[in-house]
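Peer 1:
2 protein chains.
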Amino acid sequence: MGLTKSEIFTNNQNNIALLAKAFAHPARVAILQQLFKINSCYCGDLVNEIGLAQPTISQHLKELKNLGLIKGSIEGTSVCYCINEDTWKTMKTILGEFLNQDIDNSNQCC
Amino acid sequence: MGLTKSEIFTNNQNNIALLAKAFAHPARVAILQQLFKINSCYCGDLVNEIGLAQPTISQHLKELKNLGLIKGSIEGTSVCYCINEDTWKTMKTILGEFLNQDIDNSNQCC
DNA sequence: TTTTTATATTGCAATATTACGATTAATTAA
DNA sequence: TTAATTAATCGTAATATTGCAATATAAAAA
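Chain order of the listed sequences is A and B. Quick note: the first sequence uses the UniProt record's numbering, first residue 1, plus one each step. Quick note: the second sequence uses the UniProt record's numbering, first residue 1, plus one each step.
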């Protein structure tokens, strides 16, 4: 089917999955790493840095922008992208709670 | 194409993407949360707890097992699954480094 | 205005993922 | 041995994702 049954999961579970999807492709990981390194990065620079076609990078940028993890400002014909620190922090909190869960070791089987 | 060009990315970038994929579906998030809560969980219990068919759950369990995030032990006709703490810790380290990057604010544009 | 530059959008082909019915495999119970 | 139980695998349908050529859009430069 290819269709996730979101309705049977909690909001928290769906949110975690949506956020994780942002990092589930190496191109988006590379884009975010570059934005952390050079926080102020033109779309064209990302195209040069990462070896993918311009429409492909543009598409990945759009996904990250839709999640709110990055934001862009138009400068003439160029667009400069940055990490959206507020959303990044919120995301870290949500993922952090999930990743840092404590295991109940009273019931181990393997 | 649907085919990720893994060869143009670093091992670290590909690793982060692979690990994130584990959490990029709410069913796998739900499975992992349940295993944290009841660390010793039969496949059949997960099928009941989460509302997906047995082959679907089995498929998600296989993906998590392939990544090493969980392990299973056979008990009669049942299989009992647990979090693999060692791999979970390694994963947290790799993802943590990525999520906790510091922003270079000297170069902000937006 | 025309041309150039930079990015976004569209359309499409190919691969990946999700989900499940049917079946298989393996163990236990009768 | 046979039946029942549990989970894995197979096969398949449907949707999602990735990637890019072609095109559109919008601002700057000539």
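Quick reminder that beta carbons are idealized off the backbone N, C-alpha and C, glycines included. Just so you know, these numbers come straight off a predicted model, no measurement behind them.
Run through chain B and tell me which residues come within less than 9 Å of HIS25(A), C-beta to C-beta.
Peer 2: THR4, ALA17, ALA20 and LYS21
Peer 1: Please list the segments of the beta strand (DSSP E) lying wholly inside the UniProt domain "HTH arsR-type" (8-106) of chain B, counting only runs of 3 or more residues, in order along the chain.
Peer 2: For the UniProt domain "HTH arsR-type" (8-106) of chain B, whole beta strand (DSSP E) runs of length 3 or above, ordered along the chain, are 70-75 and 78-83.
Peer 1: Return yes when the Cβ of SER40(B) is within less than 7 Å of the Cβ of ASN105(A), no when it is not.
Peer 2: Not closer than 7 Å, so no.
Peer 1: Figure out for me which residue from ASN11(A), ASN12(A), GLY2(A) and ILE31(A) has the closest Cα to the Cα of PHE9(B).
Peer 2: ILE31(A)
Peer 1: Listed in chain order, which residues of the segment 50-65 of chain A have Cβ atoms closer than 8 Å to some Cβ of chain B?
Peer 2: ILE50, GLY51 and LEU52
Peer 1: Kindly confirm or deny that the segment 79-88 of chain A and the segment 13-24 of chain A touch, where touching means at least three C-beta pairs closer than 8 Å.
Peer 2: Because the criterion of three Cβ pairs below 8 Å is not met, the segment 79-88 of chain A and the segment 13-24 of chain A do not touch.
Peer 1: Would a check of beta-carbon distances place GLN13(A) closer than 7 Å to chain B?
Peer 2: Taking 7 Å as the threshold, the shortest C-beta distance from GLN13(A) to chain B falls below it.
Peer 1: For ILE38(A), return the contacting residues in chain B, with the cut-off set at a CB-CB distance below 8 Å.
Peer 2: ASP104 and ASN107
Peer 1: Can you say whether VAL3(B) is buried or exposed, counting buried as having 16 or more other CB atoms within 10 angstroms of its CB?
Peer 2: Per the sequence shown, the amino acid found at residue 3(B) is Leu instead of Val. Label assigned to LEU3(B): exposed.
Peer 1: Does the segment 55-75 of chain A come into contact with the segment 50-59 of chain B, if we say contact requires no fewer than three beta-carbon pairs (one atom in each stretch) closer than 8 Å?
Peer 2: no
Peer 1: Rounded to whole angstroms, what's the CA-CA distance from GLY96(B) to GLN13(B)? Just pull it up for me.
Peer 2: If you take the alpha carbons of GLY96(B) and GLN13(B), they lie about 13 Å apart.
Peer 1: Enumerate in chain order the residues of its own chain whose CB-to-CB distance from SER67(B) is below 6 Å, with the five nearest sequence positions on each side excluded.
Peer 2: Here the sequence assigns Leu to residue 67(B), which means Ser is not the residue at that position. Excluding residues within five positions, the ones whose Cβ falls inside 6 Å are ALA22.
Peer 1: For ASN84(B), is the classification buried or exposed, using 16 other Cβ atoms within 10 angstroms of its Cβ as the cut-off for buried?
Peer 2: buried
Peer 1: Assuming CYS17(A) contacts VAL79(B) (C-beta within less than 8 Å), just tell me the rounded distance between them.
Peer 2: Residue 17(A) is actually Ala in this sequence, not Cys. A Cβ-Cβ distance of about 24 Å is found for the pair ALA17(A) and VAL79(B), leaving them out of contact under the 8 Å criterion.
Peer 1: Just the Cα atoms here: how many angstroms apart are ILE74(A) and CYS109(B)?
Peer 2: 10 Å
Peer 1: Any beta carbon from chain A within less than 7 Å of LEU46(B)'s own beta carbon?
Peer 2: no
Peer 1: Any C-beta of chain B sitting closer than 7 Å to the C-beta of LYS82(A)?
Peer 2: Reading the sequence as shown, one finds Cys at residue 82(A) and not Lys. By this cut-off, CYS82(A) is an interface position.
Peer 1: Starting from the C-beta of ASN15(A), find all residues in its chain whose C-beta is less than 8 Å away, skip the five residues before and the five after it, and write them out in chain order.
Peer 2: ILE94
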